[in-house]
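*Asks:*
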Amino acid sequence: MRKGQNPAKTLNQVAKPEQITVAVLNYIPFVSGFFAEMPEVLKACLTSLRNDPGLPFDLMVFDNGSCEEVQEYLLDEQAAGRIQYLILSEKNLGKGGAWNVIFGAAPGEILAYADNDVYFYPGWLKRSVEILETYPKVGMVTARPFRTKPDLYTATLEWAGSMPEVRHETGQFISWESFREFAMSIEKTEAEARALYDSSSDERVTYRGVTAHVGASHWQFTTHKSTMQQFLPFDMDKPMGQVRQLDERVNAAGYLRLMVSDPLAMNMSNTPLLKTEQGSVDEYEKPSLGKRLREFPPLKALLLKLYDRIFKWYYRD
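FYI, the numbering for the sequence shown is 0 to 316, going by numbering that gives the first Met the number 0.
#1: If you run the structure through DSSP and keep just helix, strand and coil, what is Asn266?
#2: Excluding five sequence neighbours on each side, which residues of the same chain lie with their C-beta closer than 7 Å to the C-beta of Pro271?
#3: According to DSSP, which residues form a beta bridge with Ser320?
#4: Between which two residues does the beta strand (DSSP E) containing Met139 stretch?
#5: Is it right to say Ile130 is buried, meaning 16 or more other beta carbons lie within 10 angstroms of its own, or is it exposed?
#6: Which residue marks the beginning of the alpha helix (DSSP H) containing Ile130, and which one marks its end?
#7: Determine the DSSP secondary structure at Tyr112, reduced to helix, strand or coil.
#8: Thinking C-alpha only, which one of Leu305, Gln171, Ala111 is nearest Ser260?
#9: From Asn50, Phe34, Tyr72, pick the residue whose C-alpha is nearest to that of Val60; which is it?
#10: So within the stretch 19-78, which uninterrupted beta strand (DSSP E) runs reach at least 3 residues, ignoring any that extend past its ends?
#11: Applying the criterion that 16 or more other CB atoms from any shown protein chain within 10 Å of the CB defines a buried residue, is Arg146 buried or exposed?
#12: Cutting at 6 Å between CB atoms, please list the residues of its own chain near Ala182, excluding the five before and the five after it.
#13: Let me know the secondary structure DSSP gives Thr155 once reduced to three states.
#14: Give a yes or no on whether the C-beta atoms belonging to Asp114 and Leu24 are separated by under 9 Å.
#15: For Val69, which option in Val13, Ser88, Gly95, Pro52 has the closest C-alpha, if you only look at C-alpha atoms?
#16: Considering only the alpha carbon of each residue, which of Lys2, Ser65, Ile101 lies closest to Thr20?
#17: Comparing C-alpha positions only, which one of Ala264, Ala190, Ile309, Ser31 sits nearest to Ser47?
#18: Taking the beta carbon of Leu245 as the centre, do at least 16 other beta carbons fall within 10 Å, making it buried, or is it exposed?
#19: Nearest-angstrom Cα distance between Arg308 and Phe29?
#20: Smallest Cα separation from Gly208: which of Ala22, Glu132, Leu85?
#21: Could you give the C-beta distance for Pro262 and Pro144, rounded to a whole number, given that I count them as a contact under 8 Å?
#22: Rounded C-beta distance between Lys224 and Ala105? I'm assuming under 8 Å.
#23: Compare the Cα-Cα distances from Phe34 to each of Val242, Arg248, Asp116, Tyr84 and report the closest residue.
#24: Work out the CA separation of Glu189 and Pro286 for me, nearest whole Å.
#25: Rounded to the nearest angstrom, what separates Thr155 and Ser31 at their Cα positions?
#26: Quick check on the burial criterion: 16 or more other C-beta atoms within 10 angstroms. Buried or exposed for Glu276?
#27: List the residues that DSSP assigns as beta-bridge partners of Glu202.
#28: Measuring straight from C-alpha to C-alpha, what distance separates Ser200 and Gly122?
#29: Identify which residue in Thr226, Ala14, Ile185, Val242 has its Cα closest to the Cα of Val140.
Structure follows, in structure tokens:
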């Protein structure tokens, strides 16, 4: 038998979510080895996205089965009011499983998604939403221009070619410094980055006075939540490695995949960014002897194989 009246019945109104939900997917199973600096990377991600984004938002974090230390940090952040929605998964659902939850649960009409190793620069959200709301049928807007695979933005080029009011340009619009910075963050050597830069080009469009680069990526993007929900569910049998499904589905459905015209986001990988006094990334200059040895291809392949075996022994069911 109920005793008394539920006090919630006396409330005259409830809180409404912001129009934009920024969602970060986090996975740090332990704090050692590859993940030794990932707590600092996560902190840098969450701090940077709040640093003058240009628009108000609610923050959602989906933790995909991280260790107790990391989950306690996230709980503290939520208690401090810096995370509005926190989902703690007991198990690692993989990126596809996490997307199924995030794309369904985010309360905002606009969803800005990021992996936990993305570093943001001021204005990133405002600039992304500007493109999202100016261009028609936008599927994804990434807050950094870089060169992606052409087969993943064919729908965008077809749209640009069919619209007389769109100015479409091809050329070297990304500076070498910006290109190099991003390429080396995803394990390209400087020589590989230079060869790729010299042998490829950028696609740029301007529509209603707003310029965007052609392309986008699943590691960070802004979209309408209703758009992403069209592509659910994602059924991936591996935690990673199959995420290109999202890029392919968005392009195949005829949605535009675009990027802001200057770098407002950066991939940290598993190391926090080091800043010079000028504010530029100084992480990749003059690697130490130890780092050069670790990057020696035969040794790197052997060590990664050993690491993968140890990870499977201890952290896979």
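Here a beta-carbon is modelled for each residue, glycine too, at the ideal position from N, C-alpha and C. In this text the structure is predicted, and so the values were computed from the model without any measurement.
*Replies:* Here's the rundown:
#1: In the sequence shown, counting from the first residue as 1, residue 266 sits at position 267. It is a strand residue.
#2: Locating residue 271 in the sequence shown gives position 272, counting from the first residue. Correct list, in chain order: Glu36, Glu39, Val40, Ala43.
#3: No information on residue 320 is available, as it lies outside the stretch 0 to 316 that the chain covers here.
#4: Here residue 139 is taken as the residue at index 140 of the sequence shown, counted from 1. Counting along the chain, the beta strand (DSSP E) containing Met139 begins and ends at 137-141.
#5: The residue labelled residue 130 in the question sits at position 131 within the sequence shown. The residue is buried, with at least 16 neighbouring Cβ atoms inside 10 Å.
#6: Translated into positions along the sequence shown, residue 130 becomes position 131. In this chain, the alpha helix (DSSP H) harbouring Ile130 covers 123-133.
#7: The residue you call residue 112 lines up with position 113 of the sequence shown. Strand, per DSSP.
#8: As a working mapping, residue 260 is identified with position 261 in the sequence shown. Out of Leu305, Gln171, Ala111, Gln171 has the C-alpha closest to the C-alpha of Ser260.
#9: Position 61 of the sequence shown, counted from the first residue, corresponds to residue 60. That would be Tyr72, whose Cα lies nearest to the Cα of Val60.
#10: Whole beta strand (DSSP E) segments, 3+ residues: 19-25, 57-62.
#11: To locate residue 146, count along the sequence shown from 1; it is residue 147. Here Arg146 is buried. Its C-beta has 16 or more other C-beta atoms within 10 Å.
#12: For the purposes of this step, residue 182 is taken as the residue at position 183 of the sequence shown. Contacts found: Ala192.
#13: Along the sequence shown, read from residue 1 onward, the residue named residue 155 stands at position 156. Reduced to three states, the DSSP call for Thr155 is helix.
#14: Sequence index remark: in the sequence shown, residue 114 carries index 115 (1-based). Sequence index remark: in the sequence shown, residue 24 carries index 25 (1-based). It is a contact, given that the beta carbons lie within the stated cut-off.
#15: The count along the sequence shown starts at 1 and reaches residue 69 at position 70. Ranked by Cα distance from Val69, the options Val13, Ser88, Gly95, Pro52 are led by Ser88.
#16: As a working mapping, residue 20 is identified with position 21 in the sequence shown. Of Lys2, Ser65, Ile101, the residue nearest in Cα terms is Ile101.
#17: Mapped onto the sequence shown, residue 47 falls at position 48. Among Ala264, Ala190, Ile309, Ser31, the Cα nearest to that of Ser47 is on Ala264.
#18: The count along the sequence shown starts at 1 and reaches residue 245 at position 246. Buried, since its Cβ has 16 or more Cβ neighbours within 10 Å.
#19: Residue 308 sits at position 309 when you count from the first residue of the sequence shown. Residue 29 sits at position 30 when you count from the first residue of the sequence shown. Distance from the CA of Arg308 to the CA of Phe29, rounded to the nearest whole angstrom, comes to 16 Å.
#20: Stepping through the sequence shown from its first residue, residue 208 is reached at position 209. The closest CA to that of Gly208, considering only Ala22, Glu132, Leu85, is found on Glu132.
#21: For the purposes of this step, residue 262 is taken as the residue at position 263 of the sequence shown. For the purposes of this step, residue 144 is taken as the residue at position 145 of the sequence shown. Between Pro144 and Pro262 the Cβ distance is about 7 Å, and since that is below 8 Å, they are a contact.
#22: The count along the sequence shown starts at 1 and reaches residue 224 at position 225. The count along the sequence shown starts at 1 and reaches residue 105 at position 106. 6 Å between Cβ atoms; contact.
#23: Start at 1 with the first residue of the sequence shown, and residue 34 comes out as number 35. Of the listed residues, the one whose Cα sits closest to Phe34 is Asp116.
#24: The sequence position of residue 286 within the sequence shown is 287, counting from 1. The sequence position of residue 189 within the sequence shown is 190, counting from 1. Any reading at Pro286 is ruled out, since the residue's pLDDT is 44, under 50, leaving its predicted position unreliable.
#25: Counted from its first residue, the sequence shown places residue 155 at position 156. Counted from its first residue, the sequence shown places residue 31 at position 32. It is roughly 42 Å from the alpha-carbon of Thr155 to the alpha-carbon of Ser31.
#26: Reading the sequence shown from its first residue, position 277 is the one you call residue 276. For Glu276, the predicted model reports a pLDDT of 34, less than 50, meaning its position is unreliable; a value from the coordinates is still stated below. So Glu276 ends up on the exposed side.
#27: For this step, residue 202 is matched to residue 203 along the sequence shown. DSSP lists Thr169 as the beta-bridge partner residues of Glu202.
#28: Here residue 200 refers to the residue found at position 201 when the sequence shown is read from its first residue. Here residue 122 refers to the residue found at position 123 when the sequence shown is read from its first residue. Their Cα atoms are separated by approximately 26 Å.
#29: Residue numbering aside, residue 140 sits at position 141 when the sequence shown is read from its first letter. The residue with the shortest Cα to Cα distance from Val140 is Thr226.
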